[in-house]
Amino acid sequence: MKTEKTIAAIEEEIVDEFSLFDSWDDKYEYIIDLGKKLPPLEEEHKKDENRVRGCQSTVWLVADYKDGKVHFRADSDSRIVKGLISMLIRVLSGHAPDEIINAKLEFIHRIGMTTHLAQTRSNGLLAMVKQMKNYALAFKVKNSLSI
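Numbering (my numbering), first residue to last: 549 to 695.
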């Protein structure tokens with residue numbers, strides 16, 4: 549049986565990966581590469597109701613709830629933002645709503661994103677995190693009402 553990695557363990561992997569790069573140019577290139585690996589979101593999900601508010605770039609985010617876990621899919625018209633959302637999906641997708649809601653997401657600070665992103669990108673990153681946590685909260689509430 550495959551054991552699920554904790555959010556903290558996945559965050560630690562990302563911190564380790566980023567420690568391999570000396571320059572922020574290399575780190576940005578890596579983030580863009582992560583975005584290229586993100587599966588494209590189906591066109592029917594690229595609608596206004598799935599847009600993340602507060603992002604300068606267009607970001608679409610959808611979430612599904614299956615077997616007690618939240619699964620995220622996303623896309624963006626910006627290569628760097630697509631990389632950022634792919635990291636958030638890697639960390640948060642496939643976890644229970646409570647785990648997502650309570651995730652500290654310290655890797656964002658530890659890899660230096662808070663100091664190297666432009667203010668608008670930083671705000672967008674926070675908006676993506678907030679939207680993901682809101683989805684988790686909605687699934688938690690919906691699930692508790694259906695018991």
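Beta carbons: idealized from backbone N, C-alpha and C, even for Gly.
If you're wondering where the values come from, they're calculated on a predicted model, not measured in any experiment.
### Query
Is the beta carbon of G616 sitting closer than 9 Å to the one on N691?
Annotated as proximal: G616 and N691, with beta-carbon spacing under 9 Å.
### Query
With distances taken from CA atoms, which of L609, E647, G583 and Y578 is nearest K594?
Closest option to K594, judged by alpha-carbon separation, among L609, E647, G583 and Y578: L609.
### Task
Could you have a look at R599 and say whether DSSP puts it in helix, strand or coil?
Here R599 carries a strand assignment [DSSP, helix/strand/coil].
### Task
Apply the 10 Å Cβ neighbour rule to M549 and answer buried if 16 or more other Cβ atoms are within range, or exposed otherwise.
Below a pLDDT of 50, predicted positions are generally treated as unreliable, and M549, at 45, falls in that range; the measurement from the model is reported next regardless. M549 comes out exposed.
### Task
Flag this pair as yes or no: are the beta carbons of L586 and I628 separated by less than 9 Å?
I628 sits away from L586, with the two beta carbons spaced by 9 Å or more.
### Task
Check F620 in the structure and name its three-state DSSP category.
Of the three classes helix, strand and coil, the one that applies to F620 here is strand, per DSSP.
### Query
Are M680 and A611 close, meaning C-beta to C-beta below 9 Å?
In this structure, A611 lies closer than 9 Å to M680 by Cβ.
### Query
Just the Cα atoms here: how many angstroms apart are M661 and R601?
So the two alpha carbons sit approximately 20 Å from each other.
### Query
Would you call the CB atoms of A622 and I649 closer than 9 Å?
No.
### Coarse secondary structure for A611, derived from DSSP in three states
Of the three classes helix, strand and coil, the one that applies to A611 here is strand, per DSSP.
### Query
Pick from S571, R599, R638 and C603: whose alpha carbon is nearest that of A556?
Nearest of S571, R599, R638 and C603 to A556, Cα basis: R638.
### Message
Spatial neighbours of H619 within its chain, please: C-beta separation below 8 Å, excluding the five flanking residues on both sides.
### Response
Once the five neighbours on either side are set aside, the close Cβ partners of H619 are A611, D612, Y613, S641 and G642.
### Task
Give the range of the alpha helix (DSSP H) segment to which A644 is assigned.
Per DSSP, A644 is not a residue of any alpha helix (DSSP H), being assigned neither H nor E.
### Backbone CA spacing between D581 and T668 [nearest angstrom]
Approximately 21 Å, taken between the alpha carbons.
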